[in-house]
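Residue numbers (my numbering): 1324 to 1925. For each residue, glycine too, the CB sits at the ideal point set by N, CA and C. The block underneath contains the structure these notes are about, expressed in structure tokens.
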Amino acid sequence: MKYVAFFDQITREDGALYGGKNAALGEMYQNLSAKGIRVPYGFAVSTNAYWKHLEENGLLEEIQGQLELIQADSIDSLVKAARAIRARITAVSLPEDVTQEIIEAYAQLSVFYQQEASAVAVRSSATAEDLPEASFAGQQETFLNINGVSDLIEAVVKCMASLFTERAIVYRRSNAIRHMDVGLSVCVQKMIRADLAVSGVMFTLETESGHRNFISINSSYGLGEPIVQGQVNPDEFLVAKEQLRQGYFAIVRRFLGAKEKQMVYRQTGFFDRLFPFHSGANPSSVVLESVSPTNKLKWSLTDEQVIELARVGLSIEDYYTEKNGRWTPMDIEWAYDGEDGLLYVVQARPETVHGNKEHALTFSSFSFVQQPGEGNKVCEGARVGYGIVSGRARILASLEEEEKIEEGDILVATMTDPDWLPVMERAAAIVTEQGGRACHAAIVSRELGIPAIVGSIDATEKIVDGEVITLDCSAGDRGNVYRGIWEAQETTVLLAASKTSPVALQLNTSDPLRAIDASFLPVDGVGLARLEFVISGTIGVHPQACAHPELVQDAILREVISEKLVAEPEKWAETFIHMLAESIGTIAAAFYPRRVLVRTSD
1324 MKYVAFFDQI TREDGALYGG KNAALGEMYQ NLSAKGIRVP YGFAVSTNAY
1374 WKHLEENGLL EEIQGQLELI QADSIDSLVK AARAIRARIT AVSLPEDVTQ
1424 EIIEAYAQLS VFYQQEASAV AVRSSATAED LPEASFAGQQ ETFLNINGVS
1474 DLIEAVVKCM ASLFTERAIV YRRSNAIRHM DVGLSVCVQK MIRADLAVSG
1524 VMFTLETESG HRNFISINSS YGLGEPIVQG QVNPDEFLVA KEQLRQGYFA
1574 IVRRFLGAKE KQMVYRQTGF FDRLFPFHSG ANPSSVVLES VSPTNKLKWS
1624 LTDEQVIELA RVGLSIEDYY TEKNGRWTPM DIEWAYDGED GLLYVVQARP
1674 ETVHGNKEHA LTFSSFSFVQ QPGEGNKVCE GARVGYGIVS GRARILASLE
1724 EEEKIEEGDI LVATMTDPDW LPVMERAAAI VTEQGGRACH AAIVSRELGI
1774 PAIVGSIDAT EKIVDGEVIT LDCSAGDRGN VYRGIWEAQE TTVLLAASKT
1824 SPVALQLNTS DPLRAIDASF LPVDGVGLAR LEFVISGTIG VHPQACAHPE
1874 LVQDAILREV ISEKLVAEPE KWAETFIHML AESIGTIAAA FYPRRVLVRT
1924 SD
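Written out as structure tokens, the structure reads:
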């Protein structure tokens, strides 16, 4: 076929023709399947098909003309031009020979899976997408659970048109990429029934510090799009990489997310539009529904699944590191299939924030001149980035209010999606009510180099619009918002300083979260980690209360302990032990292979 190729015909060298996403999928399908890594089969519609669609329908000059009408800093002109371009691309039919090849490839894919008409995911794979220097997070559209030829052709055309969403235009402009230099290939991949199971995102590093010895996993029930788009607060797991290589059960940190919603198939629908961009849309084939109260309080992954995921992530990183001749941390989207129970990798690309950086010569830490009291605390959430920032809070209910925010303001919103990029570029910091460390707001804030707090429940209600607040993302995995301006200071340490001390330089630390950041300092390890400080600071429950829950008679105290540990008192002791082991493990993994001395409690 001239315009279509299957994954077993595409390699990483074919990025110009099939885009970064398809090239990576083809590379993994052909080279990692033997290592037990499952990639759902599929095919790619080439960029040649995209250019032929534009040329044969006389759209190139029209598109260029509309792009020239966009005025700098004019959202209105951007929206008008982008909508006009998309409308023209979708108003005309694909060339007949391209259409016939897609129909033929879809038939072959369905036969491969022994189905009459396989459900597929239709995603973009732009030639400027998944590059090592830019994430292009969510710039084009994704269509899920597409069934049948007519819906597939419609989804392919709309995917092509989504190269000109407002967010994609702004992102290319921000990264100095010429619009007409970018072509779009379309990925058509067999759907995995994650709607019956769990899915998520995995980074083969610690996302905030870039620490190499960790694998970060975000997971939630159902299809994975809500995690990427920041619509759910997922579970988070941290796995120690080198200890995993040595055969240890190396989960060193976990955080139970709220997981309020899950995306599942709609029984009667037939077409999904995650980001509708014109009226007259067909009904969606996927829907967000509430997670049951029982499942909200449960981990979405078993420990065995976390370890399986981490091993897959490690294998993918090792493969690309060897191929590239340098450390290549990966950003991986994965899904468990609820029908066969197996793990699948649906996408993998180089991580774009830390993986590209040269080794830092300095290490900066932030602290308050005067620590704010708990009475000044407004809310908290998952920390993204580093720093302490003060500014005027601007609560935006929707993008229609984007003019409210000025340079240096702190953006507060329920969630953000790629359309918010022009607003985010003006903000000094970001707070969202929904999302985890792998969501759009987190990815973009890292690229912009600004701190953010995501998954801060009820932030738009607790923060007052227009008030001055201070965002604290200085340490740990949680960030805090305080009322008022709180003066902060930055301390910079020269990491390249030669070690001239006649004795080993070691730290005293009992905070596993600060240990990850502190491990970058030019020290020989941890000379003292006090176990009682780990217990009081991280767990917050006396071991005797866990060993003898029957002695805890006060109802309020029992409720407090249940919130810190687990609801069932009979599981307090087991949970305490796990939390203590993981806390010590985090410190040890952060400084590995340097020595860590732990003083037990009396």
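Here F1914 is not near G1850, since their CB atoms are 8 Å or more apart.
Exclusion of the five residues before and after Q1670 leaves E1656 as the residues of its chain whose Cβ lies within less than 6 Å of its Cβ.
Looking at the DSSP output, G1802 bridges to G1704.
Ranking T1617, Y1341, R1535, L1390 by CA distance to the CA of V1493 puts L1390 first. For the 8 Å CB-CB criterion, R1516 and E1662 form a contact. Here the alpha carbons of Q1569 and S1448 stand approximately 37 Å from one another. The alpha-carbon of M1525 is positioned some 18 Å away from that of G1778. In the DSSP assignment, M1653 falls within the unbroken beta strand (DSSP E) covering 1653-1659. As the crow flies, the alpha-carbon of A1782 is around 27 Å from that of G1533. Counting other Cβ atoms within 10 Å of its Cβ, Q1757 reaches 16 or more and is therefore classed as buried. When I1538, E1905, T1644 are compared, the shortest CA-CA separation from A1761 is found for I1538. Within the DSSP secondary-structure output, L1817 pairs in a beta bridge with T1685.
In the three-state DSSP reduction, S1447 falls in the strand class (E or B). A distance of 8 Å or more separates the beta carbons of I1360 and F1487. About 7 Å separates the beta carbon of V1707 from that of I1776, a gap short enough to meet the 8 Å contact definition. If only uninterrupted beta strand (DSSP E) runs of at least 3 residues are considered, those enclosed by the region 1838-1882 are 1848-1853. In the three-state reduction of the DSSP assignment, A1573 falls in the coil class. In the DSSP assignment, K1403 falls within the alpha helix (DSSP H) that extends over 1398-1414. Residue pairing by DSSP places K1513 opposite V1443 in a beta bridge.
Taking a cut-off of 8 Å on C-beta distances, the region 1466-1486 touches the region 1399-1418, as three or more cross pairs fall below it.
Out of A1347, V1712, C1869, V1826, the CA that lies nearest to the CA of E1813 is found in V1712. A direct Cα-Cα distance of roughly 15 Å separates Y1436 from I1469.
A straight line joining the alpha-carbon of I1753 with that of E1873 spans about 44 Å.
Separation of the CB atoms of I1733 and A1751 is rounded to 6 Å, and the pair is thereby assigned contact status at 8 Å.
Around S1400, the same chain offers L1392, I1393, Q1394 as residues with beta carbons nearer than 7 Å, after the five sequence neighbours per side are excluded. Per the DSSP secondary-structure output, S1543 pairs in a beta bridge with S1522. Taking a 10 Å sphere around the C-beta of A1705, we find 16 or more other C-beta atoms and assign the residue as buried.
CA-CA distance, V1614 to E1378, rounds to 47 Å.
Apart from sequence neighbours up to five positions away, the residues of its chain that approach I1426 with a beta-carbon distance below 6 Å are V1472, ordered along the chain. Apart from sequence neighbours up to five positions away, the residues of its chain that approach K1646 with a beta-carbon distance below 8 Å are R1335, ordered along the chain. Boundaries of the alpha helix (DSSP H) around Y1341: 1338-1354. The criterion of a C-beta distance shorter than 8 Å is satisfied by G1759 and P1557. Beta-bridge annotation (DSSP): F1537 is paired with A1563. Of the candidates L1467, C1796, D1877, V1327, the residue whose Cα lies closest to the Cα of G1772 is C1796. Taken atom to atom, the span from the alpha-carbon of A1372 to that of E1350 is near 21 Å. Close CB contacts of W1809 within its chain, under the 6 Å cut and outside five residues either way in sequence, are with F1691, P1695, T1793 (chain order).
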